[in-house]
Amino acid sequence: MIIYGIKAKLLKSEITNDTCPNCNTANSIQMNVFQRWAHIFWIPFFPIGKTGVSQCLNCKQVLKLKEMPASLKLSYDNLKVQTKIPVWTFAGCFLIVIGSILFYISEKQKAKKVNQWVLSPQKNDVFHIKLKNDHYTLYKVNKVSGDSVYLALNKYEVDREDGLDDIAAKGDTAYDNAQEGVAKPFLVEMAKEGTILDIERK
1 MIIYGIKAKL
11 LKSEITNDTC
21 PNCNTANSIQ
31 MNVFQRWAHI
41 FWIPFFPIGK
51 TGVSQCLNCK
61 QVLKLKEMPA
71 SLKLSYDNLK
81 VQTKIPVWTF
91 AGCFLIVIGS
101 ILFYISEKQK
111 AKKVNQWVLS
121 PQKNDVFHIK
131 LKNDHYTLYK
141 VNKVSGDSVY
151 LALNKYEVDR
161 EDGLDDIAAK
171 GDTAYDNAQE
181 GVAKPFLVEM
191 AKEGTILDIE
201 RK
């Protein structure tokens, strides 16, 4: 379940020179500026504007922004201009950007590793494979002989890449006894095409 919503925080408060529209007391209006932001799991993601509330310190009348007469709205606008949007209200956006950068770096490093290791496969290497039907499976290197690599194909497929951990947990019994021999250049071509997503080496 995703918990999301809108919150607000008081940013600035000031006594204005306005007269209360309810009790006619001068210089009794406290103007408050609130910053609103959207959150997911209580993490601020982005600001969604400011709002204001006035309170008469004499009669205690409270007016929301849409209820204020023109003179109070003008005082609110003046105070709002002086109030900056807090940087922390963009925290969620920053986390997404940082996460995207880290993911990009990780994928580049993984691709570099695959391109290097596929040139010199070793016994017990496990290849993470993306099949043509957009399913995923594992190939295990049983033997390397000269330019030939002998692979044991896993009996199972999953429809998500992160499901490969479940296949791996089944152990060696999940692989066919028969093995398929392929040339190293063919594996290199598979890596270039994005068929080999990752290589695990013990």
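Residue 1 is where the sequence shown starts when you use full-length UniProt numbering, and the numbers rise one by one after that.
Beta carbons are placed, not taken as given, at the ideal position from N, Cα and C, and that holds for glycine.
Quick caveat: nothing in here was measured; it's all calculated off a predicted structure.
message = So, for R36: in the same chain, excluding its five sequence neighbours on each side, which residues have a beta-carbon less than 8 Å away from its beta-carbon?
response = I6, K7, A8, P47, I48, G49, K50 and T51
Open item on the list: Since F136 and E157 should fall inside the 8 Å C-beta cutoff, what is the C-beta to C-beta distance between them, to a whole number of angstroms?
Closed with: A small correction: the amino acid at residue 136 is Tyr; Phe does not occupy that position in the sequence shown. That pair is a contact at about 7 Å.
(request) Ignoring anything shorter than 3 residues or poking outside the stretch 103-163, list the beta strand (DSSP E) runs there in chain order. (result) 126-130, 136-145 and 148-154
- Item | Bridge partners - K50, DSSP secondary structure assignment | Q35
* Residues sharing a beta bridge with L11, DSSP -> None; L11 has no bridge partner.
Check your understanding: From this set, L138, E14, K73 and A111, which residue's C-alpha is nearest I167's C-alpha?
Key -> L138
Worksheet entry | Reference K143; option with closest CA among V182, H128 and K112 | V182
Check the C-beta distance from D125 over to V114 and give it rounded, since I have them as a contact under 8 Å. With a Cβ gap of about 11 Å, D125 and V114 do not count as contacting.
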